[in-house]
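Novice: If you scroll down you'll find the structure; I have some questions about it.
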Amino acid sequence: MDEILIKACGVTYRKGQYITGVGRSTLELMKALSKINNLPFRLYYYTTGLRANNMDRTDIDFQYFKIPFPDKIIHITELDVLYRKYILRPNLVHIPHNYDDSYKEENLLLTIHDVWGYKNITNKKEKKKWERAVYNASCIVTCSQYSKSMIEETFNLPCSKVVSIPWGISSDFNKVSPAILSECKTRLNLPSRYFLSVSCSHPRKNIETLIKAFIQFNSKKREHKLVLVWSNPPKSILNLCQKNIENSDIIFLKYISDKDLVSVYNGATATFFPTRYEGFGFPILESFACNTPVVTCRNTSLPEVGGNIALYTDEDGVDEMSYYMELFENENFDLHLFREQAKNYIKRFSWENTALQYVELYKSLL
777 MDEILIKACG
787 VTYRKGQYIT
797 GVGRSTLELM
807 KALSKINNLP
817 FRLYYYTTGL
827 RANNMDRTDI
837 DFQYFKIPFP
847 DKIIHITELD
857 VLYRKYILRP
867 NLVHIPHNYD
877 DSYKEENLLL
887 TIHDVWGYKN
897 ITNKKEKKKW
907 ERAVYNASCI
917 VTCSQYSKSM
927 IEETFNLPCS
937 KVVSIPWGIS
947 SDFNKVSPAI
957 LSECKTRLNL
967 PSRYFLSVSC
977 SHPRKNIETL
987 IKAFIQFNSK
997 KREHKLVLVW
1007 SNPPKSILNL
1017 CQKNIENSDI
1027 IFLKYISDKD
1037 LVSVYNGATA
1047 TFFPTRYEGF
1057 GFPILESFAC
1067 NTPVVTCRNT
1077 SLPEVGGNIA
1087 LYTDEDGVDE
1097 MSYYMELFEN
1107 ENFDLHLFRE
1117 QAKNYIKRFS
1127 WENTALQYVE
1137 LYKSLL
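To convert, take the position in the sequence shown, counting from 1, and add 776; that gives the working numbering.
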């Protein structure tokens, strides 16, 4: 039986931290693949680095290998590549985190989430490694049509080499009971009415513009607060909204569990996701699944994910964002219609469907 090896380093994490969007997509894909009976190939996976001991292997039935050496040693010695080439010797290797060490003779499937990272790499060696992985790959898979077109353009690839398979939405994101929501809001000291933004740390997430919009909206005293899930905001951000923080109008939440995140989505009046660039945009679907409207931007892959259900603004649209806050403050948004539309809309984003499409792609490469 043919063997497929997944390098799943994205699902490991440092203690006190959490898995990124790239890692979450890898984890959810492997969980969904584990639920498929009688796969026509053998799947197994491995991780590297000192974080290899920190991962949740629940609901993943495949055989697991690890190389628990420091990443620096692994990269210098190319131990990772040698391990695949001479010991594991799979028929297909799947690297689901944009790029990694690779070699020409390897049958490689590469998942590239977006080209933002490549275009902003300053380390020449890392850039060459990314390029080497792209050109060594038998096939590249990505999560949106936008990313597909950008990958083809950036690396001058034929459209036949790049496949688009959208991510799904985890069943963990759903409507919670009033009791669970109340307990979470009390424990986290959340206000009764608030706007929410998650995934705030990178400058491209554009939270500074969102804060400016909220300050404009809040120039007259309002009921809504702004809750930002952001463990360590920079001093420039704290200085921008110092007065609002002192008045508890803007609230920063440090690390919260995925379980609490579901409740925080549920409690929000709306989620604001004003990012300048995304290969996909998980927060849009997560918020929809929790019955919470989304305001996001008219750029990159976001209209693909938000469809005609999300509300859209320009990425520098302070007035537009403030307008939407006013809309929700005055309850001039048809929440019932949104919830009916969102309930049907998110059905098209299923991890089961994603996994089945990956199975067909795997088969085509063996």
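Quick reminder that beta carbons are idealized off the backbone N, C-alpha and C, glycines included.
All of these numbers come straight from a predicted model, not from anything done at the bench.
1. Count Cβ pairs between the segment 935-952 and the segment 915-922 that sit closer than 8 angstroms; are there 3 or more?
2. Entirely within the segment 843-872 and at least 3 residues each: give me those beta strand (DSSP E) ranges in chain order.
3. So, for residue 1088: in the same chain, excluding its five sequence neighbours on each side, which residues have a beta-carbon less than 6 angstroms away from its beta-carbon?
4. Could you give the first and the last residue of the continuous beta strand (DSSP E) run that contains residue 781?
5. Would you decide whether residue 926 is buried or exposed? Buried here means 16 or more other CB atoms lie within 10 Å of its CB.
6. Pick out the complete alpha helix (DSSP H) segments inside the segment 974-1020, 4 residues or longer, and give them in chain order.
7. Pairs of beta-carbons, one from the segment 816-823 and one from the segment 901-909, closer than 8 angstroms: are there three or more?
8. So is residue 1025 buried or exposed if we call it buried at 16+ other beta carbons inside 10 Å?
9. Could you please give the first and the last residue of the uninterrupted alpha helix (DSSP H) stretch that includes residue 1135?
10. Could you work out which residue in 1000, 1007 and 1022 is closest to residue 1043 when comparing CA atoms only?
11. By the 10 Å Cβ neighbour count, where 16 or more other Cβ atoms means buried, how is residue 889 classified, buried or exposed?
12. Among 942, 1041 and 929, which one has its Cα closest to the Cα of residue 960?
13. Nearest to residue 801 by CA position, among 1036, 786 and 1046, is which residue?
14. What residue range does the alpha helix (DSSP H) around residue 1038 cover?
15. Tell me, which residues are paired with residue 915 by DSSP?
16. Counting C-beta neighbours from all protein chains within 10 Å, is the total for residue 981 16 or more, i.e. buried, or is it exposed?
17. Can you name the start and end residues of the beta strand (DSSP E) that residue 1029 belongs to?
18. Does the separation of the CB atoms of residue 1013 and residue 983 fall below 8 angstroms?
19. Can at least three beta-carbon pairs, one atom from the segment 962-969 and one from the segment 991-1011, be found at a separation below 8 angstroms?
20. Expressed to the nearest angstrom, what Euclidean distance is found between the alpha-carbon atoms of residue 865 and residue 855?
21. DSSP state of residue 908, grouped into three classes?
22. Tell me the DSSP secondary structure of residue 1066 in three-state form.
Specialist: The structure says:
1. yes
2. Complete beta strand (DSSP E) runs here, min 3: 868-871.
3. 1074
4. Looking at the DSSP string, the run of the beta strand (DSSP E) that includes residue 781 is 779-783.
5. Under the 10 Å beta carbon count, residue 926 is surrounded by 16 or more other beta carbons and is classified as buried.
6. Qualifying alpha helix (DSSP H) stretches, in chain order: 983-993 and 1011-1016.
7. no
8. Result: buried.
9. 1127-1141
10. 1000
11. buried
12. 1041
13. 786
14. 1034-1043
15. 885
16. buried
17. 1026-1029
18. yes
19. yes
20. Rounded to whole angstroms, residue 865 to residue 855 spans 14 angstroms at the Cα level.
21. If DSSP states are grouped into helix, strand and coil, residue 908 belongs with the helices.
22. coil
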